[in-house]
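Residue numbering for the sequence shown follows the numbering used here, beginning at 1 and increasing consecutively.
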Amino acid sequence: MRQAVVVYAFLLFYGSLYPFQWAARTEPLFAFLLHPGDAYLGKVDLVQNVLVYMPFGLLLAVWWARRHRYWTALPLAVAAGTLFSVGAEIVQLWLPARVSSAADVAMNLLGTLCGALLAGLLRRDTHSGARLQGWRDCWFARGAIANTGLVVVALWLLSQTSPLMPVFGLGRWKQALLPVYFQLRGYAPLSAALLFSLACNFTALGLLLRALIKPGKPWWRLHGALLLAVLAGQFLIEGHALRLEEVAAALLSLPLLALVLALVRGPAQAAQWARWSRSLRWLRWPRPARPDLATHAEQGAQAMAAACAAIALLALALVASELTPAHGNWRGGGFNWVPFRGHMRSLQGFTNILEFLWPFMGMAWLARQVAPPARHHAIAAVGGVALAAAMFGMEWAQLYVPGRSADVTQVLLACAGWAAPWLVEEWVLAHPPGAGAPA
């Protein structure tokens, strides 16, 4: 956990000081704190500061809660996040391209506080945390590896609902339904690439949930609830709108999931899926033909086949979304070699980071679940190199795709997402349950 705090603090410092164009300081050292009324309060900047510092507060609180009680770790995390923010704002006084602001400090403090409060949901010594952890233990296995899978699902959910700014009112509903209206009237085309990408992602998410949830639990209900929550969020979250591709992909993912599981379970189940699909009994989920006769080896083979199918679906979704020409015929004009340069000044950049992290974390988590433990190091290393090469090649290919731009940030995010589940496993092996507080 300490390593995660250090890495995230470095990323915050990097984002706060970019583009590193230094000059002599022209303002008093603490003037931005003594005259907060001079700050410009832009909605995008405020929301972005809160969202960026929420993970920092969460990591700090979780880290300190391993050694202290949660209610001691909470103020420590908020104080540390605030001091870090003030320090970054002071350093910005030597950067003419950046503006030091007390409003930034206040929003960073709020983000740290929100993240630290969320950490209470991960603790068993708080009332809300005990209730949530009880529900979690009922549905999911305990331990850091299972928690990593839950993080993947949470990142996917955040990528679909960022920036988490609900807006209520009839006007918001009309705005959210405009794309659907235009598509139904034929004024706006349907995107086959978007539909394909979303259907693959939704199906892969279902397979990941199936591998994550305890056997016997109705994982498809949680999958359906998550899809419904995302579709409903398009009506409430500012900047989002519902599209026909999203609705169609959510509906299409259900028979696709059934088909993949039927193929994984063998010819008998595939024939049952065919009968089920012809009869259109959509409310009944196809069950294994002879579950009692499945041996441990057969279950392992089925789990590996399902994991490989999910990884392939995630890869297909990524290729479809990244190599499809965007609106307009402009080209990016070159390869961006500066990490996160295009992700720092907009909420869309924050969402794009989440969209690239969760698929590769999901791939690595699924691979770790079914790979023999003796081969984990080899798979992590070889897979990481192959993934980096493939992502670099895809980014380079975007130089020739209209409306697309190439960015080294996507390669770094893919590598970071792939590495995270394997690093969590290394931490678990180095810190057995008896060596410290439980996760």
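Every residue gets a Cβ at the ideal spot worked out from N, C-alpha and C, and that includes glycine. Here the structure is a predicted model, which means the values were calculated and not measured.
In the DSSP assignment, find the unbroken alpha helix (DSSP H) run with Ser159 in it and report its ends. Position 159 of the sequence shown holds residue 159. Ser159: member of the alpha helix (DSSP H) spanning 144-161, first to last residue.
Between the segment 13-32 and the segment 61-81, do three or more beta carbon pairs fall short of 8 Å? Here the segment 13-32 does not lie against the segment 61-81, with fewer than 3 beta-carbon pairs under 8 Å apart.
Taking the alpha-carbon of Glu246 as reference, which of Ala232, Leu259, Pro75, Lys214 has the nearest alpha-carbon? Sequence index remark: in the sequence shown, residue 246 carries index 246 (1-based). Measuring C-alpha to C-alpha distances from Glu246 to each of Ala232, Leu259, Pro75, Lys214 identifies Ala232 as the nearest.
Cβ atoms of Ala406 and Leu399: under 7 Å apart, would you say? The residue given as residue 399 occupies position 399 in the sequence shown. The residue given as residue 406 occupies position 406 in the sequence shown. Yes; because the gap between Cβ atoms is below 7 Å, this pair is in contact.
Tell me whether Trp273 sits in a helix, a strand or coil according to DSSP, three-state version. Residue 273 sits at position 273 when you count from the first residue of the sequence shown. Bear in mind that the predicted position of Trp273 carries a pLDDT of just 47, short of 50, making it too unreliable to give a figure here.
Is Thr148 near Leu313, with beta carbons less than 7 Å apart? Working through the sequence shown from its first residue, we reach residue 148 at position 148. Working through the sequence shown from its first residue, we reach residue 313 at position 313. No, these two residues do not count as a Cβ contact at 7 Å.
Under the rule that 16 or more other beta-carbon atoms within 10 Å means buried, what is Cys138, buried or exposed? Sequence index remark: in the sequence shown, residue 138 carries index 138 (1-based). By the Cβ-count criterion, Cys138 is exposed, with fewer than 16 other Cβ atoms from all chains shown falling within 10 Å of its own Cβ.
Local conformation of Phe56 per DSSP, three classes: Translated into the one-based positions of the sequence shown, residue 56 becomes position 56. Helix, per DSSP.
DSSP state of Phe168, grouped into three classes? The sequence position of residue 168 within the sequence shown is 168, counting from 1. Three-state result, Phe168: coil.
I believe Phe182 touches Ala176 by the beta-carbon criterion, under 8 Å. Please report the beta-carbon distance rounded to the nearest angstrom. Taking the sequence shown and counting its residues from 1, the one referred to as residue 182 is at position 182. Taking the sequence shown and counting its residues from 1, the one referred to as residue 176 is at position 176. Not a contact, Cβ separation roughly 12 Å.
For the candidate residues Gln234, Leu207, Phe235, Leu236, whose alpha-carbon lies nearest to that of Leu222? Here residue 222 refers to the residue found at position 222 of the sequence shown. Answer by Cα proximity: Leu207.
Indicate the three-state DSSP secondary structure (helix, strand or coil) for Ala188 in the structure shown. By one-based count along the sequence shown, residue 188 stands at place 188. Looking at Ala188 - three-state DSSP - the assignment turns out to be coil, as it is neither helix nor strand.
Endpoints, the alpha helix (DSSP H) within which Trp337 is located: As a working note, residue 337 is residue 337 in the sequence shown. First-last for Trp337: undefined, no H or E at that position.
Please classify Arg127 as buried or exposed, where buried requires at least 16 other C-beta atoms within 10 Å of its C-beta. Within the sequence shown, the letter at position 127 stands for residue 127. It is His, not Arg, that sits at residue 127 in the sequence shown. Flag for His127 reads exposed.
Start-to-end residues for the alpha helix (DSSP H) that takes in Leu84: On the sequence shown, position 84 is the one that residue 84 refers to. The displayed chain sequence assigns Phe, not Leu, to residue 84. That run of the alpha helix (DSSP H) goes 70-91.
From what residue to what residue does the alpha helix (DSSP H) around Asp125 run? Your numbering for residue 125 matches position 125 in the sequence shown. It is not in any alpha helix (DSSP H) - Asp125 carries neither H nor E in the DSSP assignment.
In terms of alpha-carbon separation, which member of Leu212, Val385, Trp64 lies closest to Ala141? Looking up residue 141 in the sequence shown gives position 141. Of the candidates Leu212, Val385, Trp64, the residue whose Cα lies closest to the Cα of Ala141 is Leu212.
Using only alpha-carbon positions, find the residue among Gln133, Ala258, Val167, Leu244 that is nearest to Leu184. Reading the sequence shown from its first residue, position 184 is the one you call residue 184. Measuring C-alpha to C-alpha distances from Leu184 to each of Gln133, Ala258, Val167, Leu244 identifies Leu244 as the nearest.
Out of Ala88, Asn49, Val91, Ala119, which one is the CA nearest neighbour of Ala73? Along the sequence shown, one-based indexing puts residue 73 at 73. For Ala73, the nearest C-alpha among the options comes from Ala119.
Thr112 versus Gly57: straight-line alpha-carbon distance, rounded: On the sequence shown, position 112 is the one that residue 112 refers to. On the sequence shown, position 57 is the one that residue 57 refers to. So the alpha carbons of these two residues sit roughly 4 Å apart.
When burial is assigned at 16 or more other CB atoms within 10 Å of the CB, is Gln234 buried or exposed? Counting from 1 along the sequence shown, the entry for residue 234 is found at position 234. Burial call: buried.
Classify His377 as buried or exposed, calling it buried when 16 or more other Cβ atoms lie within 10 Å of its own Cβ. Taking the sequence shown and counting its residues from 1, one reaches residue 377 at position 377. Exposed, by the Cβ-count rule.
What first and last residue would you give for the alpha helix (DSSP H) that runs through Ala262? The residue labelled residue 262 in the question sits at position 262 within the sequence shown. Its alpha helix (DSSP H) spans residues 244-265.
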